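Enquirer:
In our numbering, the protein residues as written are 91 to 483.
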């Protein structure tokens with residue numbers, strides 16, 4: 091046998107295989123391969139890996155990046171079981187809060203991701219859970235049927251029952267499981283598991299105190315209390331690179347973003363339910379640009395409003411009222427009480443700090459808007475359309 095000849099053939103085949111494998115690797119979607127081979131990892135590791143993946147993809151601000159079974163957000167990270175819909179290793183800002191979140195009897199259908207919101211959908215096509223990547227790490231649980239949600243707490247995390255809430259505390263993050271004071275919710279806390287029986291046609295919310303606003307903990311506890319009273323209509327989060335996340339707590343409310351530029355945010359609101367609602371805005375590294383001696387100001391239906399300096403007074407007001415905490419030129423939180431609904435326009439405007447407080451006319455419209463923001467973002471009801479990335483069972 092000519093061993094030299096056989097060896098040459100073997101070497102040629104080996105080179106061809108290596109070339110072929112490199113071609114496949116070069117033409118594959120790198121995003122689809124991210125996270126392959128990852129075992130269970132904690133929230134801190136997931137956040138660090140997520141930052142690397144998002145940086146490589148040029149992704150900034152709120153929004154989930156999918157990597158196999160792992161979801162990497164700007165604030166939230168977790169893993170989804172593609173067979174059962176179970177969420178595991180749920181973390182907020184590098185802190186593991188829940189080892190797992192499960193829904194008893196869930197017949198999992200698929201997961202859909204749209205920007206900063208991930209939806210868990212059952213086999214009938216009904217959205218059961220909406221997981222948001224925002225500073226408050228909001229999770230909405232929605233169903234027309236009764237169900238039980240089990241929260242398996244991570245090591246070092248504690249749970250305490252309070253009025254219509256369960257307070258979850260880790261070393262750095264404070265989270266609340268919130269259920270309205272109407273309806274027959276039942277809570278069972280055993281060892282490290284909190285189970286909540288949710289009645290049909292109801293809403294349950296998980297909400298943290300926003301990790302980007304540590305100085306406003308008391309105000310955000312107030313918002314949690316108002317969610318438990320079914321008084322909060324929606325929360326709007328505006329972040330880096332023009333990212334936006336809207337959380338709707340009312341199936342009757344519709345919100346439309348008409349203008350967003352460096353000087354103004356204008357939202358049009360309407361609701362089929364005339365009952366008044368509280369709105370919350372979290373602004374962090376947004377397109378609003380405050381210079382020295384400038385401030386944020388609120389206009390309600392084209393009328394200038396003087397905000398008060400006590401958020402508790404906003405929550406009980408019988409007329410339109412607002413509270414602004416401006417922590418820096420790029421970070422602020424706003425709480426607004428809309429006393430009754432038909433259709434209203436709310437504007438958050440950058441203007442000179444010395445501007446007259448009694449002004450009732452709107453300032454002149456800016457000449458141009460940032461591309462991509464003069465668009466309609468409707469959040470009518472809790473079953474918003476979600477698409478973009480799909481992973482079927």
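Ideal Cβ positions, reconstructed from N, Cα and C, are used throughout, including at glycine. Because the structure is a prediction, the values reported are computed rather than measured.
(1) Per DSSP, what kind of secondary structure is residue 209 in: helix, strand or coil?
(2) Going by DSSP, which residues form a beta bridge with residue 399?
(3) Leaving out five residues before and five after residue 190 in sequence, what residues of the same chain have Cβ atoms less than 7 Å from its Cβ?
(4) Counting pairs of beta carbons, one from the segment 133-140 and one from the segment 153-164, are three or more of them closer than 8 Å?
(5) For residue 379 and residue 356, I'd like the C-alpha separation in whole angstroms.
(6) Between the Cα of residue 236 and the Cα atoms of 292, 183, 271, which residue gives the shortest distance?
(7) Reducing DSSP to helix, strand and coil, say where residue 145 ends up.
(8) Measuring straight from C-alpha to C-alpha, what distance separates residue 319 and residue 146?
(9) Which whole-angstrom value is the C-beta distance of residue 336 and residue 345, which I expect to be below 8 Å?
(10) Could you give the C-beta distance for residue 386 and residue 414, rounded to a whole number, given that I count them as a contact under 8 Å?
(11) Across which residues does DSSP place residue 327 in a beta bridge pair?
(12) Assign residue 315 to buried or exposed, taking buried as 16 or more other Cβ atoms, counted over all protein chains shown, within 10 Å of its Cβ.
(13) What residue range does the beta strand (DSSP E) around residue 438 cover?
(14) With a 10 Å radius around its C-beta and 16 neighbouring C-beta atoms as the bar for buried, classify residue 400 as buried or exposed.
(15) For residue 307, count neighbouring Cβ atoms within 10 angstroms of its own Cβ and tell me buried if that reaches 16, exposed if not.
(16) Per the DSSP calculation, residue 278 is bridged to which residue(s)?
(17) Straight-line CA distance for residue 253 to residue 271?
(18) Rounded to the nearest angstrom, what separates residue 403 and residue 264 at their Cα positions?
(19) Enumerate in chain order the residues of its own chain whose CB-to-CB distance from residue 195 is below 7 Å, with the five nearest sequence positions on each side excluded.
Expert: This is what the structure holds:
(1) Note: residue 209 maps to strand in three-state DSSP.
(2) Among the bridge pairs identified by DSSP, residue 399 is matched with none.
(3) The answer, listed in chain order, is 176, 177, 178, 242.
(4) Taking 8 Å as the limit for Cβ pairs, the verdict is that the segment 153-164 does touch the segment 133-140.
(5) Cα-Cα distance, rounded: 15 Å.
(6) Comparing Cα positions, the closest option is 292.
(7) Of the three classes helix, strand and coil, the one that applies to residue 145 here is helix, per DSSP.
(8) Cα atoms of residue 319 and residue 146: separation of roughly 43 Å, rounded to the nearest angstrom.
(9) The beta-carbon distance between residue 336 and residue 345, rounded to whole angstroms, is 6 Å. This is short enough to meet the 8 Å contact definition.
(10) The C-beta distance from residue 386 to residue 414 rounds to 6 Å, short enough to meet the 8 Å contact threshold.
(11) Residue 327 pairs with 335, 372.
(12) Result: buried.
(13) Residues 433-442.
(14) Counting C-beta atoms within 10 angstroms of its own C-beta, residue 400 has fewer than 16 neighbours from the protein chains shown and is therefore classed as exposed.
(15) Residue burial is scored here from C-beta neighbours: residue 307 has fewer than 16 other C-beta atoms within 10 angstroms and is therefore classed as exposed.
(16) Under the DSSP definition of a beta bridge, residue 278 partners with 285.
(17) Looking at the two C-alpha atoms, the distance is approximately 8 Å.
(18) The alpha-carbon atoms of residue 403 and residue 264 are separated by roughly 24 Å.
(19) The residues are 237.
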